[in-house]
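Asks:
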Amino acid sequence: MHPAFSVIFLTTLIGAGQGLFLALFTGQLYSTIHLVEAQPASFYALGSALSLALLIGGLAASFFHLGRPERAWRAASMWRTSWLSREVIVLPVMMGIVFLYGVFHWAGWTRPLIVLGDGALPIDPTFVLGLLGVLVALALFISTGMIYASVKFLQEWSSPYTIGNFTFLGTASGFMLAAAYSALLGNTLVGFFGTWAVIATLLGLATRLASLLRNASLKHKSSLQTAIGVWHPRIEQTSQGFSADSFNTREFFHHQNPATLALIRNAFLVLVFPVPVALVILAYAMESATLPIVAFAIQYVGLLAERWYFFAEAEHPQNLYYQRIS
Amino acid sequence: MKDPAVHHDAEIGRTEVKETTCYMCACRCGIRVHLRDGQVRYIEGNPNHPLNKGVLCAKGSSGIMKQVSPARLTKPLKRKANAKRGESKFEEISWGEALTLLSERLGKLRAEDPKKFALFTGRDQMQALTGMFAKQFGTPNYAAHGGFCSVNMATGMIYSIGGSFWEFGGPDLDHAKLFIMIGTAEDHHSNPLKIAISKFKREGGRFIAINPVRSGYGAIADEWVPIKPGTDGALFMALTHEIIKLGLYDRDFLIQYTNAAELVIDDPARDDHGMFYRDESVEVTRGCTDPQDKFWWDRNQGEVLTHAEGADPRMLGSFTMKDGTPVKTSFQLLMERVESYTPDWAEGITGIPADTIRRLAHEMGVMARDHKIELPISWTDAWDKEHDTVTGNPVAFHAMRGLAAHSNGFQTIRALSILMSVLGTIDRPGGFRHKAPFPKPIPPCPKPPHGPEAVQPNTPLDGLPLGWPAKPEDLFVDDDGEPVRIDKAFSWEYPLAAHGLMHNVITNAWRGDPYPIDTLFLFMANMAWNSAMNTVATREMLADQDENGEYKIPFLVVCDTFASETVAFADLVLPDTTYLERHDVLSMLDRPISEFDGPVDSVRLPVLPPKGDSRPFQDVLIELGARIGLPAFTNQDGTAKYKNYPDFVVNYETSPGSGIGFLAGWRGKFGDKYLKGEPNPQQWEQYAANGCVFHHELPRSYQFMRNWNKGYLHWARAHGLTRWAEPITLHLYSEVLQRFRAAAQGKWPGRQPPERYRERIETYFDPLPFYYEPLETQRIDKKRFPLNALTQRPMAMYHSWDSQNAWLRQIHSHNYLFVNPQMALVHGIEDGDWIWVESHLGRVKCMCRFSEAVEPGTVWTWNAIGKSSGAWGLSAKADESQKGFLLNHLIGEELPLTTADGSQHLSNSDPLTGQAAWYDVRVRIEKVEQQEGQASEPQFATMKPLPGQLNRPRQRWQAYVAGLFGRK
Amino acid sequence: MTQLALVIDLNVCVGCHACVTSCKQWNTSGWAGPMVDENAYDANPTGTFFNRVQTYEVGSFPSTETVHFPKSCLHCEDPPCVPVCPTGASYKREDNGVVLVDYDKCIGCKYCSWACPYGVRELDEQQQVMKKCTLCIDRITDQTLPEAERKPACVIACPTNARLYGDVHDPDSEVSIAIRERGGYALMPEWGTKPANHYLPRQKTRMHVTEEDLQRSNNPLTKEDITVYSGEETLDDVSW
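Chains as they are written, first to last, in our numbering: chain Z, 1 to 326; chain W, 1 to 968; chain P, 1 to 240.
1. Quick one: which chain P residues come within Cβ less than 9 Å of Z/Ile228?
2. Along the chain, where does the alpha helix (DSSP H) that runs through Z/Val90 open and close?
3. Output, in sequence order along the chain, the residues in the segment 110-124 of chain P whose CB is closer than 9 Å to any CB in chain Z.
4. So, does the segment 79-95 of chain Z touch the segment 135-153 of chain Z, judging by three or more C-beta pairs under 8 Å?
5. Using a threshold of 8 Å, state whether the C-beta atoms of W/Glu112 and W/Pro457 are closer than that.
6. Out of Z/Leu218, Z/Ser243, Z/Val277, point me to the one whose CA is closest to Z/Leu203's CA.
7. Please decide whether Z/Gly67 counts as near chain W, where near means a Cβ-Cβ distance under 8 Å.
8. In its own chain, which residues sit with a C-beta less than 7 Å from the C-beta of W/Ile780, not counting the 5 before and 5 after it?
9. How would you label W/Ser973, buried or exposed, when you count the other beta carbons within 10 angstroms and need 16 or more for buried?
10. What are the residues of the segment 243-277 of chain Z that lie near chain W, defined by any Cβ-Cβ distance shorter than 8 Å?
11. With distances taken Cα to Cα, identify the nearest neighbour of P/Thr2 among P/Asp236, P/Gln126, P/Val175, P/Pro189.
12. To the nearest angstrom, how far is the alpha carbon of Z/Gly102 from that of Z/Ala49?
13. Please decide whether Z/Ala326 counts as near chain W, where near means a Cβ-Cβ distance under 8 Å.
14. Helix, strand or coil for W/Ile553? Go by DSSP, reduced to three states.
15. Of all the CB atoms in chain P, is at least one closer than 8 Å to the CB of W/Glu363?
16. Report back the beta-carbon spacing between W/Pro229 and W/Tyr674 to the nearest angstrom; my notes put them in contact at under 8 Å.
17. Any beta carbon from chain W within less than 8 Å of P/Leu214's own beta carbon?
18. Flag P/Tyr91 as yes if its beta-carbon sits less than 8 Å from any beta-carbon of chain W, otherwise no.
19. Give the interface partners of W/Cys846 over in chain P, defined as CB-CB distance under 8 Å, in chain order.
20. Assuming W/Cys846 is part of the beta strand (DSSP E), what are its boundary residues?
21. Quick one: grab the DSSP three-state call for W/Met181.
22. Can you tell me where the beta strand (DSSP E) holding W/Phe818 begins and where it ends?
23. Just the Cα atoms here: how many angstroms apart are W/Val557 and W/Pro681?
24. Strictly below 8 Å CB to CB, what residues from chain P border Z/Ala75?
25. Check the Cβ-Cβ distances between Z/Thr126 and every residue of chain P, and say whether any is below 8 Å.
26. Any beta carbon of chain Z sitting closer than 8 Å to that of W/Tyr816?
27. Please list, in chain order, the chain Z residues whose beta carbon lies closer than 8 Å to that of P/Glu190.
28. What residues match up with W/Thr791 in a beta bridge as DSSP calls it?
29. Which residue spans inside the segment 374-450 of chain W form an unbroken alpha helix (DSSP H) run of at least 4?
30. What does the alpha-carbon distance come out to for the pair W/Gly430 and W/Asp513?
31. I want to see whether chain W comes within less than 8 Å of P/Leu135, judged by CB atoms only; does it?
32. Based on Cα-Cα distance, which residue from W/Gly870, W/Gln792, W/Leu768 lies nearest to W/Val338?
33. Within its chain, find whatever has a CB closer than 6 Å to the CB of Z/Ala283; leave out the 5 residues flanking it on each side and keep chain order.
34. Are there 16 or more other CB atoms within 10 angstroms of the CB of Z/Ala259, so buried, or fewer, so exposed?
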């Protein structure tokens with residue numbers, strides 16, 4: 001598939017936005033039960049703003065993918081059948097929750113509604129919003145992942161790993177950002193978020209490696225034999241039927257040589273996983289305030305590469321029909 | 001969107017449907033043009049048309065884009081005074097100025113020396129008028145593109161069976177059971193052939209394609225037999241060998257309808273050796289026919305006149321006539337000829353395994369013999385014998401340029417004609433069938449003038465510019481035996497050049513050999529590009545000046561619809577219309593669209609007004625004729641005789657009162673006559689009311705065996721199709737060729753060739769077919785140039801020239817050289833690499849494409865896809881010029897000189913007919929080094945847009961919607 | 001339910017591209033138009049086509065088959081492109097099974113093209129909406145057209161009649177009979193898309209010539225026995 005930057009930014013930005021929200025709420029949860037130091041309202045408000053900014057950025061990027069963005073509103077109509085439609089519904093919900101979560105924190109509307117566990121667990125509106133947000137973020141990860149995983153023709157994508165990757169890598173980048181954010185603020189949560197970021201990154205590594213391994217030995221269901229229905233071991237296309245390019249040769253091909261592909265794969269394998277993890281550990285050891293920021297930045301760049309590769313590695317069966325000009 | 005189910009196309013805009021005839025290629029299908037608010041909305045095949053029966057090809061369906069092409073010429077143009085030829089700098093002039101300029105120049109030439117004017121037209125189908133214009137002008141220098149197209153096919157078959165593949169005949173696939181297509185992949189009459197082949201295949205017919213390349217219709221053949229280019233003659237000889245050896249020939253057919261059993265004088269000492277033994281005292285019809293004064297050897301009575309009552313002639317043997325003359329039957333001579341042409345011999349030449357050749361011969365022979373068709377159609381032969389049925393041997397062939405465009409093509413096609421005759425398949429069901437006005441006498445009656453005295457100032461030419469020589473006296477040479485025509489057609493160099501040699505006109509005129517000319521008028525011929533051989537040199541010759549700064553070809557007039565490469569070289573450009581903007585006739589006097597069952601002709605009617613100041617070429621010729629004062633176009637008082645072309649078509653008769661005109665249908669005052677009849681002022685209206693087509697279906701008893709069908713022959717004579725109702729016996733043995741050979745041997749009482757041609761004539765004018773290596777191959781180093789290079793036209797552009805067509809060019813915007821991977825990998829060449837292709841003339845750079853459907857000794861490409869930068873209204877960087885290439889640069893119009901030639905230049909053509917030997921070219925390929933860049937070569941200076949060319953600002957998008965396009 | 005479809009006969013398709021341009025000319029000015037061309041007279045000319053003819057080579061020299069292969073939307077019975085459309089622009093007609101795009105609803109997200117394994121949807125790069133074969137819906141449903149013309153333009157144009165058109169759910173239709181009797185098959189059956197369009201395979205006619213065919217009593221050569229006996233010695237002269 002052709003790696004479109006609109007979609008690369010959409011998925012990585014909202015992934016990080018969702019992840020950051022998850023991080024913020026994880027922080028809130030831990031502080032509620034006093035496992036970590038409580039943070040001021042501004043921490044959550046600003047964090048939510050950052051998360052919201054990422055979600056908006058992703059949404060904005062997605063418009064570049066649309067031929068007719070002015071009609072984007074129509075995309076919410078087919079939620080019964082279309083994962084894309086579901087994403088289009090869930091994403092604004094997510095944004096709304098993040099917004100409210102931030103506003104509630106900022107406004108200090110944090111009076112507990114009920115208190116559970118003998119006063120140990122006060123449930124305030126932000127907590128409810130946070131819990132809801134976690135569910136919606138998960139739904140959004142699933143919707144986004146399913147847009148790709150549900151296209152059965154793209155066998156590289158059509159696996160639970162795709163959901164895992166979108167979820168874990170988005171979460172990882174979000175926690176990584178939370179660590180960087182904390183480092184920037186100079187609070188005490190850097191190590192906390194960093195630890196979770198490393199865990200999510202390692203989970204992401206597991207699913208991503210699994211998907212790479214799976215794809216490496218993937219046997220494509222379609223072949224030139226099934227594509228044209230002629231049973232002979234040697235079939236070559238000599239003409240795709242037209243001399244220049246077309247939508248079919250632009251949308252579904254990356255037009256890169258295998259070396260570039262390998263380079264980008266290796267790059268993301270380094271930039272997304274070992275480098276940020278090492279930097280986080282190093283930051284913990286050195287108590288550095290800048291390294292977490294660097295870790296996030298590097299991981300995000302790595303994720304751009306990862307997403308690029310995600311598209312490029314997917315072989316669409318339609319490509320069998322568009323091989324050669326003559 | 002509106003529900004499509006309630007969308008009615010006819011309710012959008014003002015719609016009309018007009019019928020006319022397509023001209024996106026030479027096929028000429030009937031079309032219905034749907035217009036919406038004056039723009040073409042949809043072109044569909046006319047379901048009532050006998051040719052295409054409602055279907056339409058890719059080209060016909062893209063006619064809309066022809067109308068909107070930015071390459072359209074819309075103004076007469078004159079080369080700017082300070083500009084050089086080829087620079088494409090022009091100024092607009094009016095039609096008045098253009099015609100005055102031209103008529104003054106031509107009038108002067110006509111008064112001084114008419115042959116200084118040469119008129120050559122690329123596309124035929126207007127030859128009735130253009131040929132007549134040339135004759136009226138008095139110049140012998142006229143031809144259409146047949147000489148570089150397929151004249152070998154026309155002559156090779158017409159000199160053998162009195163008809164030919166093409167518009168004049170074809171395979172009867174309705175009845176055939178075995179169809180062999182050789183040396184063609186696609187052909188015009190393309191839609192009818194497509195219709196017929198698919199029906200044939202669906203009905204279980206067996207289809208074999210013999211071709212170096214598996215493409216075109218060959219794709220759906222049951223079997224592909226790859227063959228080396230230029231070796232088809234060897235295959236035919238070997239097939240004939242095997243068929244005769246096994247007795248699989250049709251003995252009765254050969255005796256009755258061919259000269260197989262006729263007796264040929266066999267005494268090398270005599271001057272009439274090789275001529276038929278004749279009794280010239282017998283009272284038979286003589287003239288432009290094959291007089292029936294020849295003999296058979298009857299089993300019981302010995303010598304008898306052919307077709308003697310009750311005779312049982314010998315097919316084979318040597319005999320002695322009563323007067324002591326030793327004779328042999330033609331068939332004996334043929335058998336002796338094919339004796340050494342064994343399948344094993346042919347394997348080494350053709351690359352086809354001998355067993356395959358034998359099997360093919362067996363399939364043909366057994367199918368012809370054991371699967372006969374008997375149609376319950378009674379007919380009477382020319383010797384008054386009644387037949388209750390028509391018999392068919394259902395083996396049909398089709399062949400075209402793959403055989404013809406070799407310098408051994410004439411004899412190859414003779415060999416094919418003989419194979420078809422030996423199988424007994426001529427004008428019989430399931431075999432080859434004629435189309436009116438064929439069959440004609442062998443050879444047909446029209447002859448070229450016989451000497452320079454035929455060309456006189458202010459006088460029409462005495463004779464026809466083109467014809468069919470039957471003996472040396474029919475040649476168009478002077479007393480020294482030297483050519484009178486600029487292209488040397490009908491000279492001893494190319495005696496049977498029935499279609500002229502357009503491919504040598506520019507070179508000869510440039511060299512002044514045989515003489516310089518003044519004005520060259522090219523109509524619809526891209527002689528600075530894909531219609532020329534040796535293109536690079538041709539372009540130089542067109543622009544070459546002598547020491548005084550005079551152009552070697554002083555004045556060049558180009559009439560075309562589009563800004564072709566040739567337009568850039570013109571001194572005067574005349575903008576023609578498209579086919580949708582004019583009247584045209586597809587005339588019985590030229591190349592009609594007849595069917596097997598009878599004559600068909602058709603017309604075009606304008607469905608749109610001419611764009612800009614473009615004018616139909618025919619109108620221009622008629623006005624020009626009147627301005628110059630050509631007799632056929634002027635009244636006694638010097639005024640113009642005809643208003644315009646439509647007026648001319650209706651009223652012109654070949655001679656006063658002949659009743660024969662350009663159109664065969666609805667003749668006579670009341671439109672009740674056909675073929676012959678006085679002019680009918682309502683003729684155009686009658687055609688319009690009948691789908692633009694006239695079709696006369698012959699009675700069933702006249703539809704077969706027409707060479708010898710008394711009813712048909714008399715009908716044809718009565719309707720002016722032919723002058724003679726004599727049987728047209730097939731020429732297995734060609735006495736016509738022997739006459740030229742005898743002249744070369746000094747044994748002919750009349751004209752003899754100049755010394756330097758004697759050996760050539762003696763060798764190639766063999767009365768029986770033989771195989772020889774193509775002439776260029778004989779002259780070059782085959783080790784250095786090991787590959788044959790071929791071209792084909794892709795179906796979406798077959799016989800069209802549509803790089804200016806926005807839709808068709810998307811299918812083929814550039815071309816590759818197809819190579820067999822086995823061969824390419826030996827040269828270190830990979831699929832898609834840039835490569836050099838080199839011939840003895842030079843080299844071109846192009847991209848290669850691997851193909852398993854090409855014989856490894858052959859490379860090939862789609863022809864005429866490559867264009868010169870800026871031509872045809874395309875941008876300077878269009879794929880056609882940057883990635884596409886033209887193989888023509890590598891193909892010589894003349895043979896490479898050898899020391900034996902001295903200063904004698906010989907055309908790269910068949911030595912009998914002058915057919916351009918496009919497919920003889922041999923090449924080598926090599927990989928392009930990386931630093932050599934990624935554009936095809938050679939490149940030429942970008943052709944500038946012309947004044948009046950539809951110079952819409954070049955937009956990125958073009959969205960054609962009829963009724964809205966280009967309108968606010 | 002009616003399911004209109006094409007059956008494409010590869011046995012007779014010669015790859016002439018008539019279906020490609022007849023489609024273009026009908027549809028560019030029709031309900032589904034325009035079909036835009038980009039760089040129409042420039043480098044890299046590219047445009048929207050609903051139908052393409054491709055060429056494949058099967059086997060190696062000299063046993064090579066050249067297969068011309070026309071391809072347009074297959075109007076799947078279970079079209080994967082339809083449910084993925086987020087706006088409902090892609091839909092399958094209930095009355096005749098034709099898969100269509102409503103350009104007014106299409107947002108140009110291209111997702112439907114991802115969900116088509118056959119590569120038959122093409123984005124109009126100027127209008128930025130998805131376009132595809134409509135089976136000439138504005139011809140086949142236009143009751144004002146004579147019945148013989150209520151067919152897709154490609155079917156009417158095809159010179160080899162390699163494109164059959166009809167209802168594949170009607171067992172007695174020409175298309176159903178062709179599929180049944182001549183080995184009609186679907187493309188990429190592995191995906192379960194159930195394309196309505198089918199293809200008919202190549203069929204070969206062979207001829208079998210036996211030895212007996214070549215040695216017949218009525219061989220005309222036997223009529224040409226013209227050996228001349230000149231009195232040379234025979235066994236009759238020397239033996240007893």
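Using N, Cα and C, we set each Cβ at its ideal position, and we do this for glycine too. This one's a predicted model, so the numbers in the text were calculated from it and none came from an experiment.
Replies: Once the coordinates are examined:
1. Residues of chain P whose Cβ lies closer than 9 Å to the Cβ of Z/Ile228 are, in chain order, Leu10, Gln54, Tyr56, Val58, Val67, Phe69, Lys71, Leu187, Tyr199.
2. Here the alpha helix (DSSP H) through Z/Val90 covers 83-107.
3. Only those residues of the segment 110-124 of chain P whose C-beta falls short of 9 Å from the nearest C-beta of chain Z are listed: Lys110, Tyr111, Ser113, Trp114, Ala115, Cys116, Pro117, Tyr118, Gly119, Val120, Arg121, Glu122, Leu123, Asp124.
4. Contact holds between the segment 79-95 of chain Z and the segment 135-153 of chain Z, because three or more Cβ pairs, one in each stretch, are under 8 Å apart.
5. Yes. Within cutoff.
6. Ranking Z/Leu218, Z/Ser243, Z/Val277 by CA distance to the CA of Z/Leu203 puts Z/Val277 first.
7. Contact of Z/Gly67 with chain W is not assigned, every C-beta pair being separated by 8 Å or more.
8. For W/Ile780, same chain residues with a beta-carbon under 7 Å away, outside a window of 5 residues either side, are His840, Pro896, Arg922 in chain order.
9. Any property of residue 973 of chain W remains undetermined from this structure, which presents chain W solely from 1 to 968.
10. When C-beta distances to chain W are compared with 8 Å, the residues of the segment 243-277 of chain Z below that value are Ser243, Ala244, in chain order.
11. Checked all of P/Asp236, P/Gln126, P/Val175, P/Pro189; the closest Cα to P/Thr2 is P/Val175.
12. Spanning the two alpha carbons is a distance of roughly 7 Å.
13. The residue asked about is misnamed: residue 326 of chain Z is Ser in this sequence, not Ala. Closer than 8 Å to some Cβ of chain W, the Cβ of Z/Ser326 qualifies, so yes.
14. The three-state secondary structure of W/Ile553, taken from DSSP, is coil.
15. Chain P, which has a Cβ nearer than 8 Å to the Cβ of W/Glu363, makes this yes.
16. At roughly 44 Å, the Cβ-Cβ gap does not stay under 8 Å, so W/Pro229 and W/Tyr674 are not in contact.
17. Taking Cβ atoms only, chain W reaches closer than 8 Å to P/Leu214, which makes this a yes.
18. No, P/Tyr91 lies away from the interface with chain W (no Cβ there is under 8 Å from its Cβ).
19. Contact note: W/Cys846 does not reach chain P at a C-beta cutoff of 8 Å; the least C-beta distance is about 17 Å.
20. Per DSSP, the continuous beta strand (DSSP E) segment holding W/Cys846 begins and ends at 842-850.
21. DSSP, reduced to helix, strand and coil, places W/Met181 within a strand of the structure shown.
22. Where W/Phe818 is concerned, the enclosing beta strand (DSSP E) stretches over 817-819.
23. Their backbone Cα atoms lie some 34 Å apart in a straight line.
24. Residues of chain P with a Cβ closer than 8 Å to the Cβ of Z/Ala75 are, in chain order, Pro86, Thr87, Ile107, Cys109.
25. No, Z/Thr126 does not count as interfacial toward chain P.
26. Yes, because at least one Cβ of chain Z sits closer than 8 Å to the Cβ of W/Tyr816.
27. Taking a Cβ-Cβ cut-off of 8 Å, the neighbours of P/Glu190 in chain Z comprise Lys221, Ser222, Thr226, given in sequence order.
28. Residue pairing of W/Thr791 in beta bridges, as defined by DSSP: W/Thr861.
29. Correct list: 401-404, 409-422.
30. Distance between the alpha carbons of W/Gly430 and W/Asp513 is about 48 Å.
31. False, the Cβ-Cβ gap to chain W never drops below 8 Å.
32. Nearest option by C-alpha distance: W/Leu768.
33. Residues of the same chain with a CB within less than 6 Å of the CB of Z/Ala283, apart from the 5 flanking positions on each side, are Leu291, Pro292 in chain order.
34. Exposed, because fewer than 16 other Cβ atoms sit within 10 Å of the Cβ of Z/Ala259.
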